[in-house]
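Below is one structure, written out as structure tokens; comments come after it.
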Amino acid sequence: MYIPTENRKAISKALFKEGVLVAKKDYNAARHPEINVPNLQVIKAMQSLTSRGYVKTQFSWQYYYYIITDEGIAYLREYLNLPQDVVPATFKKVARPAAPRFGGRSERPGGFRRDEGYRRRDEGRKEGAGDNFRPEFRGGFGRGRAQQQ
1 MYIPTENRKA ISKALFKEGV LVAKKDYNAA RHPEINVPNL QVIKAMQSLT SRGYVKTQFS
61 WQYYYYIITD EGIAYLREYL NLPQDVVPAT FKKVARPAAP RFGGRSERPG GFRRDEGYRR
121 RDEGRKEGAG DNFRPEFRGG FGRGRAQQQ
């Protein structure tokens, strides 16, 4: 299928920018929701890149999910004339704040601490069933019940 060069470049830029591309399986859709290109051209361009091994395709619930591969990154860098230091958003490392250390006592306002009682405790009472508790088995009902005489 013939895809104009400006549309092919717009699809490639969107794929390289995010590292992933999602397209609904709707061949009659006028435009792709994120790219100003007909949806059919997006799907066909991604099929072409998939057949060359530059993109991995996953299909679920009427949506195509396209994930760029390492070979695809190299190909699109050359095709779009991008420098080596530019990488897709999915390959960038996100700087996260350091995780809190476990084991220390952090005072939470309004929360319970472990050494405080969760429920009110009666220290003098014995836990469990009382002395007068005598369970007995009376049989079931239906087929397991004994016949009455």
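Each step along the sequence shown adds one to the number in the UniProt record's numbering, with nothing skipped, and position 81 is 81. In this text, a Cβ means the ideal position worked out from N, Cα and C, and glycines have one as well. As the structure is a prediction and not an experimental result, all values here were calculated from the model.
Short Cβ contact (8 Å threshold) for G72 with L49: L49 is positioned such that its CB atom lies closer than 8 Å to that of G72.
DSSP three-state assignment for T69, whether helix, strand or coil: coil
Rounded separation between K25 and L80 - CA only: 27 Å
Limits of the alpha helix (DSSP H) - the one that K9 falls within: According to the DSSP assignment, K9 belongs to the alpha helix (DSSP H) that extends over T5 to E18.
Own chain residues within Cβ distance below 7 Å of G53, not counting five before or after: T69 and E71
Contact belief for Q47 with I3 at Cβ below 8 Å, rounded distance in angstroms: Rounded, the Cβ-Cβ distance is 11 Å, inconsistent with contact.
Per DSSP, cross-strand counterpart(s) of F133: Its beta-bridge partners do not exist; DSSP assigns none.
C-beta contact flag for I67 and V37 at 8 Å: no
Rounded distance between the beta-carbons of A89 and K44, thought under 8 Å: Actually they are not in contact, since the Cβ atoms of K44 and A89 sit about 24 Å apart, beyond 8 Å.
Cβ-Cβ distance between A23 and N39 below 8 Å: The criterion of a C-beta distance shorter than 8 Å is satisfied by A23 and N39.
Nearest to V84 (by Cα), restricted to the options K13, A74, F91 and G128: In the sequence on display, residue 84 carries Gln and not Val. If we check each option's Cα against that of Q84, A74 comes out closest.
Spatial distance of K13 from A98 (CA atoms): 34 Å
Backbone CA spacing between F59 and R96 [nearest angstrom]: 31 Å
Buried/exposed call for V86, threshold 16 Cβ in 10 Å: exposed
Endpoints, the beta strand (DSSP E) within which T90 is located: Judged by DSSP secondary structure, T90 falls outside any beta strand (DSSP E); it is assigned neither H nor E.
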